[in-house]
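> Sequence order for the protein chains is R and L.
According to the working numbering, the first sequence is numbered sequentially starting from 1.
According to the working numbering, the second sequence is numbered sequentially starting from 303.
Just so you know, even glycine gets a beta-carbon here, dropped at the ideal spot from N, CA and C.
All values derive from a computational prediction rather than experimental measurement.
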Amino acid sequence: MISFSLIIISSLFFSGIIIRTKCIFSGRKGPGIFQPIKDIRKLLRKGSVYSDTSSFIFKIAPTLYFSTLLTATLFIPFGDEPGLISFKGDFVFFAYLLALGKFFMIISSLDTGSSFEGMGASREALYSMLVEPAFFILMGSFALLTGHLSFYEIFSHLHFGSYISYAVGALAAFVFVIIAMIENSRMPIDDPKTHLELTMIHEVMILDNSGFDLGLILYGSSLKFAMYGAIISNFFLTRGKEWFFSVLIFAGIQLLLAVIIGAIESFMARFRMNHNPQFIFSLTSISLLIFLGVLLILGKIV
Amino acid sequence: MTRSIIIKNNQTIPLREIPVLGYDEFLEYNTSLLREHYNHCVNYFGFPQRNEMQLICCIANDSEHEIFVSSSVIDANTTQYSFTKHHLSFHIFERELAEISGINYCDHPWLKPVRFPADRKNKNSQIINYPFYNSHSEELHEVGVGPIHAGVIEPGHFRFICNGEQILHLEIQLGFQHRGIERLFQEKKKLLQRTTLAENIAGDTVAGHSTAFANLWESLSGFKADDDLQFSRTLALELERIAVHTGNLSAICTDIGYQLGSAVFGRLRTPIINFFQNWCGNRLAKGLIRAGKNNFPFTYNLREQLTQLINQFKPDFKEMYNEFKNLPSAMARLEKTGIVTQEQARSIGAVGMSAKMSGISRDIRTSHPHDFYKNINHEPILKKHGDVYSRTQIRKEEILQSIKYIRGMMENIPEENKNRNRLKSPSPESFCISLVEGWRGEICHCAVTDEQGELLYYKVKDPSMHNWLALALAVRNNEISDFPVCNKSFDLSYCGHDL
Chain R
1 MISFSLIIIS SLFFSGIIIR TKCIFSGRKG PGIFQPIKDI RKLLRKGSVY SDTSSFIFKI
61 APTLYFSTLL TATLFIPFGD EPGLISFKGD FVFFAYLLAL GKFFMIISSL DTGSSFEGMG
121 ASREALYSML VEPAFFILMG SFALLTGHLS FYEIFSHLHF GSYISYAVGA LAAFVFVIIA
181 MIENSRMPID DPKTHLELTM IHEVMILDNS GFDLGLILYG SSLKFAMYGA IISNFFLTRG
241 KEWFFSVLIF AGIQLLLAVI IGAIESFMAR FRMNHNPQFI FSLTSISLLI FLGVLLILGK
301 IV
Chain L
303 MTRSIIIKNN QTIPLREIPV LGYDEFLEYN TSLLREHYNH CVNYFGFPQR NEMQLICCIA
363 NDSEHEIFVS SSVIDANTTQ YSFTKHHLSF HIFERELAEI SGINYCDHPW LKPVRFPADR
423 KNKNSQIINY PFYNSHSEEL HEVGVGPIHA GVIEPGHFRF ICNGEQILHL EIQLGFQHRG
483 IERLFQEKKK LLQRTTLAEN IAGDTVAGHS TAFANLWESL SGFKADDDLQ FSRTLALELE
543 RIAVHTGNLS AICTDIGYQL GSAVFGRLRT PIINFFQNWC GNRLAKGLIR AGKNNFPFTY
603 NLREQLTQLI NQFKPDFKEM YNEFKNLPSA MARLEKTGIV TQEQARSIGA VGMSAKMSGI
663 SRDIRTSHPH DFYKNINHEP ILKKHGDVYS RTQIRKEEIL QSIKYIRGMM ENIPEENKNR
723 NRLKSPSPES FCISLVEGWR GEICHCAVTD EQGELLYYKV KDPSMHNWLA LALAVRNNEI
783 SDFPVCNKSF DLSYCGHDL
């Protein structure tokens with residue numbers, strides 16, 4: 001429960017901090033931290049407009065997408081506290097729950113019949129597919145290391161002892177940061193600020209969504225960020241200490257993640273589209289390094 | 303027998319002195335001139351003359367500072383052989399002629415409508431039934447962008463045929479704005495109205511088009527522009543170049559998602575256009591350039607302001623550009639993107655930056671100098687790769703070059719002539735051509751007057767007319783997601799094309 005409420009709370013801040021960071025780096029004052037959430041609240045009170053060519057898929061997809069995200073949040077543990085739902089192999093369920101939401105977004109964007117949205121959908125599908133091996137090799141390695149199969153058990157049995165295990169932890173945190181960037185369609189993969197449909201990935205898929213649906217999708221991205229932030233902070237939470245230490249570390253890591261994303265988006269140009277698959281695939285090779293590190297720790301290879 | 307009359311930039315000649323050739327000879331003569339690389343066609347148009355059509359073709363010789371003007375009289379309802387068959391750079395002129403006057407060309411490769419003007423000959427030719435190229439393929443897909451632009455700038459329709467992410471073909475269709483600028487020039491009789499029209503041909507080239515008009519009008523009226531008039535026109539042109547190029551660099555950064563560059567270059571552009579506000583009361587320099595007078599003389603106080611402004615601008619600009627240039631992720635987007643080869647640029651008759659980027663030295667400031675450029679020994683900046691990065695580099699170097707020119711010019715400000723001659727009315731039955739190097743490239747205005755000295759025909763040619771095709775060629779085999787940055791690096795005018 002504590003993890004779920006913390007994720008919800010940090011999701012309210014996350015987009016605002018990114019935007020504020022970018023503004024400060026480019027010498028502007030920028031809107032308040034809560035501006036994105038205010039915009040979302042405004043959208044949620046509006047009605048949606050549907051095109052004549054779209055079917056019921058287009059109408060249910062945003063709600064489905066949002067509910068998969070919300071459900072996925074329930075799986076995230078918090079230090080010694082398991083998530084609201086926890087069972088053996090829940091990280092597989094978690095990954096495919098997110099994939100389900102994404103699947104509906106993709107078919108709903110194809111449903112609109114727009115040529116832009118089709119392009120966006122194809123890009124999104126490709127990149128999500130390329131991210132998948134990295135996530136599973138990473139989680140698989142930790143399952144092997146701890147001998148457990150659920151998020152809660154893996155994280156609560158994760159003890160950093162040797163140098164290699166620190167390296168493994170740092171690499172894992174890095175991989176998760178990049179996965180969070182890709183899953184949320186941020187720089188350097190996608191430019192969320194652009195107005196150019198031809199270069200968009202995620203943004204172009206939701207061009208036709210409006211009002212309540214758009215609000216859900218936008219809040220969904222904030223939630224997704226906070227969720228990945230929570231997973232990353234789980235690597236660093238101290239076990240057996242007072243709970244407020246953990247809360248402080250959690251908040252610190254969420255803040256750091258948002259600032260890092262803001263900084264990357266300020267000082268880098270977006271990748272050329274055909275460099276993206278290569279970049280994303282390199283995550284898998286880092287995950288393989290983690291796998292190798294785990295094998296070393298366990299003494300499976302000499 | 304001479305087949306053409308040789309004139310200089312901004313020279314007025316009696317209409318009857320232009321040799322009238324038979325169409326076959328006219329065709330043979332002009333297309334043969336273009337076999338030499340230093341010649342290019344600056345304008346080719348037709349106007350009604352006693353139930354017939356008089357065609358005038360102006361070919362500029364860039365090395366000898368001369369313009370060859372020849373003409374032919376034909377019946378508009380006949381079928382003719384096209385110039386384009388011999389040299390592609392005539393394509394846009396002949397498409398325009400065919401659209402307006404109904405001349406039928408039997409061997410023109412692609413008589414695509416240019417801009418669907420209200421006075422077109424064939425009223426059935428409409429954008430709604432225009433047949434775009436299409437692929438009829440299972441594997442390829444088509445993407446239509448516009449006419450409403452994502453950034454709501456100006457209307458234009460882009461039709462891509464793609465293989466996945468790769469562009470195989472791009473067809474650009476403009477002509478969504480129907481202002482009828484050229485006809486308004488004939489209808490509006492007051493000089494002020496016409497000047498205002500010239501200022502509004504393209505909002506980003508106010509100094510360019512209004513200088514072209516003022517020079518042309520003064521030449522037609524036999525007025526010799528004083529030094530102070532020439533000075534302020536040249537200064538305005540160079541300032542406009544700095545402002546627009548800086549703004550463009552900002553836009554290129556935006557399109558590749560580089561926020562720092564986008565913010566800083568945007569910030570740097572503002573003080574330059576604000577200087578125009580201080581000078582003439584308009585940030586786009588509207589009202590500054592007038593034929594035969596100058597309402598806003600350049601004072602020593604303004605010189606002080608501008609010197610200070612440039613001293614602040616230059617180090618900041620250089621620092622930001624170096625930051626940008628040394629950023630690998632930015633260079634990866636610019637280099638080898640949107641290449642136009644020299645051969646392509648030459649064949650379509652590209653002008654301005656689109657010519658200079660692939661090593662073609664085509665710059666009116668050198669080849670047909672007007673105003674103060676006669677005193678400045680201008681060297682065009684040339685690049686050879688023809689990619690987005692070449693166009694970016696040209697912008698940067700032209701900005702620094704313009705700063706140098708402005709500093710040099712300001713050392714010696716000409717005195718304002720207090721008792722200027724009054725403008726006379728234009729000389730009757732004359733022809734005049736005015737070429738100006740705007741920031742985008744060569745601007746050409748031509749005028750023909752009737753027996754009373756009234757405008758019989760006014761022809762405007764913005765550099766975008768030639769260069770839109772360069773964009774279509776540049777994006778071939780590029781990724782569709784690189785189209786915006788290619789487009790921005792050419793930065794062509796929709797309204798300059800649509801008129």
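With a threshold of 16 other CB atoms inside 10 Å of the CB of R:Thr68, please say whether the residue is buried or exposed.
Position 68 of the first sequence holds residue 68 of chain R. R:Thr68 is buried by the Cβ-count criterion.
> For chain R, check one thing: does any of its Cβ atoms lie closer than 7 Å to the Cβ of L:Gln695?
As a working note, residue 695 of chain L is residue 393 in the second sequence. For L:Gln695, the answer is no, since every Cβ of chain R falls outside 7 Å of its Cβ.
> Starting from L:Arg461, trace the alpha helix (DSSP H) in both directions and tell me its first and last residue.
For the purposes of this step, residue 461 of chain L is taken as residue 159 along the second sequence, with counting starting at 1. Element bounds for L:Arg461: not the alpha helix (DSSP H) but the beta strand (DSSP E), His459 to Asn465.
> Per DSSP, L:Cys746 forms a beta bridge with which residues?
For the purposes of this step, residue 746 of chain L is identified with residue 444 of the second sequence, where counting begins at 1. Answer is L:Leu737 and L:Lys763.
> Hey, is the stretch 615 to 624 of chain L in contact with the stretch 664 to 680 of chain L, meaning 3+ C-beta pairs nearer than 8 Å?
With a cut-off of 8 Å, the stretch 664 to 680 of chain L and the stretch 615 to 624 of chain L do not count as touching, because too few Cβ pairs lie within range.
> Report the three-state DSSP secondary structure of L:Pro630 (helix, strand or coil).
Numbered from its first residue, the second sequence carries residue 630 of chain L at position 328. Of the three classes helix, strand and coil, the one that applies to L:Pro630 here is helix, per DSSP.
> Kindly list, in the order they appear in chain L, the residues whose Cβ is closer than 9 Å to that of R:Met273.
Along the first sequence, read from residue 1 onward, the residue named residue 273 of chain R stands at position 273. Those within 9 Å of R:Met273 in chain L are Glu467, Glu781, Ile782, Ser783 and Asp784.
> Just the chain R side, please: which residues come within less than 7 Å of L:Ile558 by C-beta, in chain order?
Numbered from its first residue, the second sequence carries residue 558 of chain L at position 256. Within 7 Å Cβ-Cβ: Ala269 and Arg270.
> Alpha carbon to alpha carbon, how far is R:Lys46 from L:Gly477?
Counted from its first residue, the first sequence places residue 46 of chain R at position 46. Counted from its first residue, the second sequence places residue 477 of chain L at position 175. C-alpha separation (whole angstroms): 37 Å.
> Quick one: give me the first and last residue of the alpha helix (DSSP H) that L:His799 is part of.
Position 497 of the second sequence, counted from the first residue, corresponds to residue 799 of chain L. Run containing L:His799: Tyr796 to Asp800, per the alpha helix (DSSP H) assignment.
> Quick one: Cα of R:Phe267 to Cα of R:Lys300, how far?
To locate residue 267 of chain R, count along the first sequence from 1; it is residue 267. To locate residue 300 of chain R, count along the first sequence from 1; it is residue 300. Going by the C-alpha atoms only, they are around 42 Å apart.
> Which runs of the alpha helix (DSSP H) fall wholly inside the stretch 27 to 68 of chain R and span at least 4 residues, in chain order?
35 to 44, all fully within the stretch 27 to 68 of chain R.
> Along the chain, where does the alpha helix (DSSP H) that runs through L:His471 open and close?
Here residue 471 of chain L is taken as the residue at index 169 of the second sequence, counted from 1. L:His471 -> not in any alpha helix (DSSP H); beta strand (DSSP E) instead, spanning Gln468 to Gln475.
> Taking only beta-carbon positions, decide if R:Leu196 is within less than 7 Å of chain L.
The sequence position of residue 196 of chain R within the first sequence is 196, counting from 1. Yes, R:Leu196 lies at the interface with chain L (some Cβ there is under 7 Å from its Cβ).
> Am I right that R:Phe155 and R:Phe75 are in contact with their C-beta atoms under 8 Å? What's the rounded C-beta distance?
Reading the first sequence from its first residue, position 155 is the one you call residue 155 of chain R. Reading the first sequence from its first residue, position 75 is the one you call residue 75 of chain R. So it is not a contact: roughly 11 Å between Cβ atoms.
> Measuring CA to CA, which of L:Pro786, L:Ala420 and L:Phe487 is closest to L:Leu758?
To locate residue 758 of chain L, count along the second sequence from 1; it is residue 456. Comparing Cα-Cα distances from L:Leu758 to each of L:Pro786, L:Ala420 and L:Phe487, the minimum goes to L:Phe487.
> Does the count of Cβ pairs from the stretch 392 to 403 of chain L and the stretch 438 to 449 of chain L closer than 8 Å reach three?
At 8 Å Cβ cutoff, the stretches do not touch.
> Within this structure, are the beta carbons of L:Pro786 and R:Leu198 separated by less than 7 Å?
Numbered from its first residue, the second sequence carries residue 786 of chain L at position 484. Numbered from its first residue, the first sequence carries residue 198 of chain R at position 198. Cβ atoms of L:Pro786 and R:Leu198: closer than 7 Å.
> Count Cβ pairs between the stretch 648 to 660 of chain L and the stretch 281 to 297 of chain R that sit closer than 8 Å; are there 3 or more?
No: fewer than three Cβ pairs fall under 8 Å.
> By Cβ distance below 7 Å, which residues in the same chain neighbour R:Leu138 in space, the five residues on each side in sequence not counted?
Within the first sequence, numbered from 1, the residue matching residue 138 of chain R stands at position 138. Excluding sequence neighbours, R:Leu138 sits near Ala172, Val175, Ser287 and Ile290.
> How long is the line joining the alpha carbons of L:Gly672 and L:Thr507, rounded to whole angstroms?
Reading the second sequence from its first residue, position 370 is the one you call residue 672 of chain L. Reading the second sequence from its first residue, position 205 is the one you call residue 507 of chain L. Checking the sequence shown, residue 672 of chain L turns out to be His, not Gly. Approximately 17 Å, taken between the alpha carbons.
> Which value, in whole angstroms, describes the spacing of the CA atoms of R:Asn355 and L:Ile715?
In this structure chain R extends from 1 to 302, so residue 355 of chain R is not present and cannot be described.
> Along chain R, which residues have their Cβ under 8 Å away from the Cβ of L:Ser631?
The residue given as residue 631 of chain L occupies position 329 in the second sequence. Pro188, Met268, Ala269, Arg270 and Phe271, listed in chain order.
> Restricting to Cα atoms, I'd like to know which of L:Ser374, L:Cys360, L:Glu368 and L:Arg417 is closest to L:Ser391.
To locate residue 391 of chain L, count along the second sequence from 1; it is residue 89. Among L:Ser374, L:Cys360, L:Glu368 and L:Arg417, the Cα nearest to that of L:Ser391 is on L:Cys360.
> Can you name, in chain order, every residue of its own chain whose Cβ lies under 7 Å from the Cβ of L:Ile803, other than the five neighbours on each side?
No information on residue 803 of chain L is available, as it lies outside the stretch 303 to 801 that chain L covers here.
> In terms of residue numbering, what span does the beta strand (DSSP E) encompassing L:Cys408 cover?
In the second sequence, counting from the first residue as 1, residue 408 of chain L sits at position 106. Per DSSP, L:Cys408 belongs to no beta strand (DSSP E) and is neither H nor E.
> What distance in whole Å lies between the Cβ atoms of R:Thr73 and R:Ile179, which are believed to be in contact at a cut-off of 8 Å?
On the first sequence, residue 179 of chain R is found 179 positions in, with the first residue counted as 1. On the first sequence, residue 73 of chain R is found 73 positions in, with the first residue counted as 1. Contact flag wrong, Cβ pair sits at about 16 Å.
> So, with DSSP's three-state summary, where would you put R:Gly293?
Here residue 293 of chain R refers to the residue found at position 293 when the first sequence is read from its first residue. DSSP places R:Gly293 in helix when its eight states are reduced to three.
> What are the residues of the stretch 106 to 137 of chain R that lie near chain L, defined by any Cβ-Cβ distance shorter than 9 Å?
Those would be Ser115, Phe116, Gly118, Met119, Ser122 and Arg123, in chain order.
> Provide the residue(s) that pair with L:Val375 in DSSP beta bridges, ordered along the chain.
In the second sequence, counting from the first residue as 1, residue 375 of chain L sits at position 73. Bridge partners of L:Val375: L:Gln356.
> What do you get for L:Glu489, buried or exposed, if any count of 16 or more other CB atoms within 10 angstroms of its CB means buried?
Mapped onto the second sequence, residue 489 of chain L falls at position 187. L:Glu489 is exposed by the Cβ-count criterion.
> Give me, in chain order, the residues of the same chain whose beta-carbon lies closer than 7 Å to that of L:Arg727; leave out the 5 immediate sequence neighbours on both sides.
Counting from 1 along the second sequence, the entry for residue 727 of chain L is found at position 425. It should be noted that the sequence gives Ser, not Arg, for residue 727 of chain L. Excluding positions up to five away in sequence, the list reads Ser523 and Gly755.
> For L:Lys620, does the three-state DSSP call read helix, strand or coil?
Along the second sequence, one-based indexing puts residue 620 of chain L at 318. DSSP places L:Lys620 in helix when its eight states are reduced to three.
> Are at least three pairs of beta-carbons, each pair with one atom in the stretch 541 to 552 of chain L and one in the stretch 568 to 588 of chain L, less than 8 Å apart?
Yes, they touch.
> Establish whether the CB of R:Thr199 and some CB of chain L are separated by less than 7 Å.
On the first sequence, residue 199 of chain R is found 199 positions in, with the first residue counted as 1. Judged by the 7 Å Cβ criterion, R:Thr199 is in contact with chain L.
> Tell me whether R:Phe94 is buried or exposed, calling it buried when 16 or more other Cβ atoms sit within 10 Å of its Cβ.
For the purposes of this step, residue 94 of chain R is identified with residue 94 of the first sequence, where counting begins at 1. Classification for R:Phe94: buried.
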